[in-house]
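Let me begin by presenting the structure, written as structure tokens, before commenting on it.
Numbering (the working numbering), first residue to last: 169 to 261.
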């Protein structure tokens with residue numbers, strides 16, 4: 169036979185267990201925050217961050233220019249390379 173006092177006692181034990189679990193989770197969360205902070209400080213000491221130079225900042229912020237194949241080959245010094253459309257027109261003549 170189960171008495172109401174036994175049920176209340178069991179509920180109190182469960183409630184205390186849940187409260188302990190919540191407290192343990194809070195402690196773990198607090199320790200993780202501290203570990204992240206320490207890790208961040210360590211990384212900042214080992215790998216110092218540098219601000220980009222004005223030239224680098226300009227390159228980052230500006231829209232990129234896209235070169236076509238002809239410009240690319242000219243820049244690379246490949247003056248005798250023909251574009252694929254030019255090859256077709258050269259074969260016809």
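Just so you know, even glycine gets a beta-carbon here, dropped at the ideal spot from N, CA and C.
Since I believe residue j is in contact with residue i (beta carbons under 8 Å), could you give me their beta-carbon distance rounded to a whole number of angstroms?
i           : j           : result
residue 228 : residue 220 : 6 Å
Taking 9 Å as the CB-CB cut-off, is residue i touching chain C?
i           : result
residue 211 : Structure shown: chain C not included; a single protein chain is present.
Put residue i into one of helix, strand or coil per three-state DSSP.
i           : result
residue 218 : coil
residue 244 : coil
residue 195 : helix
Residues in the same chain with beta-carbon distance under 6 Å from residue i, minus the five sequence neighbours each way, listed in chain order, please.
i           : result
residue 205 : none
Short of 8 Å in beta carbon distance, which residues of its chain neighbour residue i, apart from the five on each side in sequence? Order them along the chain.
i           : result
residue 180 : none
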